[in-house]
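Structure record follows, encoded as structure tokens.
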Amino acid sequence: MAEGGATLRQRGRPAASTPRVDTQDPSQDEAEVVERSPGSQRASPRPESWSYNTFRATHGSEVEGLLLFPEQPRQFAVLFLVVAGFSYYSFTHDSQDATQNVRNGLFAGVLIFLVYCFLQTRDGLMMRPHPGVWRVVHGCSVVYLLVLAAMLVQNRDGAIRAMQFLFPEVGSRPKTVVPAQLQCEINVDSLYRGVSSIWFVAHVTGWWGKMCMFRDWRFCWVLSIAFEILELALQFVIPDFQECWCVCASKEYDWSGRRGKKMGYIRLALNQFTPFSWEQYHWEVFSSFKRFGQIVFAMLMCLVTELNAFFLLTTLSIPKESNFNAYRLSLVFLIGIPAAAEYYEFIANPDCWRLGQNAWMILSVAIFEVLVWVKFSANGVLFTEPPPPLVLYPILAFVLMFSLWMLLFFRDAPRQPTPRRARGLVTGWGCLDVLFWASFTPLLFLTTQWAF
10 MAEGGATLRQ
20 RGRPAASTPR
30 VDTQDPSQDE
40 AEVVERSPGS
50 QRASPRPESW
60 SYNTFRATHG
70 SEVEGLLLFP
80 EQPRQFAVLF
90 LVVAGFSYYS
100 FTHDSQDATQ
110 NVRNGLFAGV
120 LIFLVYCFLQ
130 TRDGLMMRPH
140 PGVWRVVHGC
150 SVVYLLVLAA
160 MLVQNRDGAI
170 RAMQFLFPEV
180 GSRPKTVVPA
190 QLQCEINVDS
200 LYRGVSSIWF
210 VAHVTGWWGK
220 MCMFRDWRFC
230 WVLSIAFEIL
240 ELALQFVIPD
250 FQECWCVCAS
260 KEYDWSGRRG
270 KKMGYIRLAL
280 NQFTPFSWEQ
290 YHWEVFSSFK
300 RFGQIVFAML
310 MCLVTELNAF
320 FLLTTLSIPK
330 ESNFNAYRLS
340 LVFLIGIPAA
350 AEYYEFIANP
360 DCWRLGQNAW
370 MILSVAIFEV
380 LVWVKFSANG
390 VLFTEPPPPL
400 VLYPILAFVL
410 MFSLWMLLFF
420 RDAPRQPTPR
430 RARGLVTGWG
440 CLDVLFWASF
450 TPLLFLTTQW
460 AF
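Going by this note's numbering, the first residue of the sequence shown is number 10, and it counts up by one from there.
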């Protein structure tokens, strides 16, 4: 599997400056260079001068027929269009509004940067509908990371005023007032409110996107159940997490496409945003302690990214209908698809020692988002009350029991992942299976947080 254009080298390979004793015929070396094309993502005799667009170098002839429209070098044509557009706008628009001028300047700078990303940055794993689309997506994530870094060095009021240049609704969110008794009756009005909510759209696209990213229904099941547990555990922090029992019970968890519905042109259009080739991922979660930790880390980062949306809205007083929320959810969804593929390559391929550009980017974005809402919640915006005992004690019991199972399970397990090792371990140790499932039973007490 190719990793988003990242240059991969063998571990332990000597530096480029180290002399090499060449005992083979030069023609054989040239044949080796041709055979070990950049798309193989392995050690290359010329790692520094090799093209970054390694995936296209190998599959270029196959990809061109599947693209929505062909990719051709048009650097000078695009430069001419950009210069012409900026020249026309700058000489025909002369606003006296300082706020509008600052906003126009920010848009102009971002546009130039995205044009550069479209033309000059390296390709990732995603090819359709056009490789440049995904280069622009990566550029948008860079811009968002810069915005988070700029917000981090401000105070809360300064960050809100800065965001109001682009999103005037920021800071206008009223304090959430939760009614003493939620209306949990199942009727037409309650169903309409649930379907018309932005979170319903986020859930549906998120479930589909997770299957595109992780390609394992068990992985997605764990993520969905874990997020429901976090919603129950964090209701004392985020009032929006309070919901009726029927909301969770009525959610649809079929991401794998087993029903085989035909969607015609809609499916054809969506396929243009799918990977060039579908490859089944074998995560081998229980094959070793290292692999188990890597998978748990990926799940935690995915959950943190989802929770960051709620924490940012609360700390910055952003209405959930804000364009900022919609743009952020869309960007995280788009950047997450190639990021998951790159992370899988990083942990599954022993020759890959470099984390892909999109995986590094989404990790950085998640960390900076946490830093932003942690800093701005220090003045009592969040965590104003201690966790209730019915939340704290079940989580502590789960952590203790699960940690005990983890230590016992991986005590004699191999250190390096081995294919199909997980199934034999799980089904072979009956006592540890009981401990594994028993560790989750304390979390059932969290269901008392639902409204009935």
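Using N, Cα and C, we set each Cβ at its ideal position, and we do this for glycine too.
All values derive from a computational prediction rather than experimental measurement.
Measuring CA to CA, which of the options is closest to residue i?
i, options, result
"phenylalanine 127", "Arg112, Ala307, Trp143 and Cys361", "Trp143"
"phenylalanine 3", "Val443, Phe342, Arg165 and Pro397", "A query on residue 3 cannot be resolved here, the shown segment of the chain reaching from 10 to 461 and no further."
"phenylalanine 306", "Leu154, Leu372, Leu453 and His139", "Leu372"
"threonine 214", "Ala107, Phe176 and Gly345", "Gly345"
"phenylalanine 445", "Met415, Arg420 and Leu452", "Met415"
"leucine 452", "Ser206, Pro398 and Leu441", "Pro398"
"glutamine 251", "Gln105, Phe319 and Ser386", "Phe319"
"threonine 450", "Gln366, Ile238, Ala171 and Ser96", "Ile238"
"isoleucine 121", "Gln366, Val197 and Val145", "Val145"
"phenylalanine 298", "Ser412, His147 and Asp225", "Ser412"
"histidine 147", "Ile169, Gly365, Phe385 and Thr108", "Gly365"
Where residue i and residue j are concerned, what is the direct C-alpha to C-alpha distance, given to the nearest angstrom?
i, j, result
"methionine 272", "serine 233", "Any reading at methionine 272 must be qualified, since the residue scores a pLDDT of 46, below 50, and its modelled position is unreliable; no value is offered."
"valine 151", "leucine 401", "37 Å"
"tyrosine 125", "cysteine 149", "12 Å"
"valine 246", "leucine 157", "22 Å"
"glutamate 378", "glutamine 84", "35 Å"
"arginine 267", "leucine 338", "Bear in mind that the predicted position of arginine 267 carries a pLDDT of just 38, short of 50, making it unreliable; the figure below should be weighed with that in mind. Rounded to whole angstroms, arginine 267 to leucine 338 spans 26 Å at the Cα level."
"glutamate 351", "valine 87", "30 Å"
"threonine 456", "methionine 370", "35 Å"
"glycine 94", "asparagine 332", "26 Å"
"leucine 243", "threonine 323", "13 Å"
"phenylalanine 116", "glutamine 163", "21 Å"
"glutamate 293", "arginine 300", "7 Å"
"cysteine 221", "threonine 393", "38 Å"
"aspartate 132", "glycine 141", "8 Å"
"asparagine 110", "leucine 123", "20 Å"
"aspartate 249", "phenylalanine 236", "14 Å"
"valine 219", "valine 231", "Correcting the residue identity first, residue 219 is lysine in this sequence and not valine. In a straight line, the C-alpha of lysine 219 is about 11 Å away from that of valine 231."
"alanine 357", "arginine 227", "18 Å"
"proline 347", "leucine 90", "30 Å"
"glutamate 178", "proline 328", "7 Å"
"leucine 343", "glutamine 105", "37 Å"
"valine 408", "glycine 167", "39 Å"
"leucine 489", "alanine 171", "Since the first residue of the chain shown is 10 and the last is 461, residue 489 is not available in this structure."
"glycine 471", "alanine 159", "The requested residue 471 is not part of the displayed model; the chain covers only 10 to 461."
"glycine 302", "aspartate 198", "44 Å"
"threonine 108", "glycine 118", "16 Å"
"valine 204", "tryptophan 217", "17 Å"
"glycine 439", "isoleucine 169", "55 Å"
"phenylalanine 385", "methionine 308", "25 Å"
"alanine 335", "serine 96", "31 Å"
If I measure Cβ to Cβ from residue i and keep anything under 7 Å in the same chain, skipping five residues before and after, which residues do I get?
i, result
"alanine 447", "Met410"
"methionine 310", "Leu372 and Ala375"
"phenylalanine 223", "Cys229, Tyr290 and Ala349"
"isoleucine 304", "Trp292 and Val294"
"phenylalanine 454", "Leu399 and Pro403"
"serine 206", "none"
"aspartate 225", "Tyr290 and Trp292"
"proline 396", "Phe245"
"leucine 441", "Trp414, Leu417 and Phe418"
When we look at the beta-carbon of residue i and count the other beta-carbons within 10 Å, is it buried (16 or more) or exposed?
i, result
"tryptophan 362", "exposed"
"leucine 155", "exposed"
"threonine 101", "exposed"
"tyrosine 353", "buried"
"glutamate 315", "buried"
"alanine 368", "buried"
"valine 210", "exposed"
"threonine 130", "buried"
"proline 403", "buried"
"tyrosine 98", "exposed"
"serine 296", "buried"
"glutamate 330", "exposed"
"alanine 258", "Annotation note: pLDDT 42 at alanine 258 (below 50); position unreliable, coordinate value reported separately. The residue is exposed, with fewer than 16 neighbouring Cβ atoms inside 10 Å."
"leucine 405", "exposed"
By Cβ distance below 6 Å, which residues in the same chain neighbour residue i in space, the five residues on each side in sequence not counted?
i, result
"serine 326", "Gly180 and Arg182"
"valine 4", "Since the first residue shown for the chain is 10 and the last is 461, residue 4 is missing from the structure and cannot be characterised."
"phenylalanine 355", "Cys361 and Leu364"
Check the C-beta distance from residue i over to residue j and give it rounded, since I have them as a contact under 8 Å.
i, j, result
"tryptophan 382", "leucine 321", "5 Å"
"arginine 112", "phenylalanine 176", "With 8 Å as the limit, arginine 112 and phenylalanine 176 do not qualify as a contact, their Cβ atoms being about 11 Å apart."
"leucine 380", "leucine 161", "6 Å"
"leucine 312", "glutamine 458", "That belief does not hold up - the Cβ atoms of leucine 312 and glutamine 458 are roughly 18 Å apart, past 8 Å."
Under 8 Å Cβ to Cβ from residue i, same chain only, skipping five residues before and after it: list those, please.
i, result
"tyrosine 153", "Arg337, Leu340 and Val374"
"asparagine 388", "Arg165"
"asparagine 317", "Ala375, Glu378, Val379 and Trp382"
Does any residue of chain D bring its CB to less than 8 Å from the CB of residue i?
i, result
"valine 294", "Looking at the structure shown, chain D is missing, and only one protein chain is on hand."
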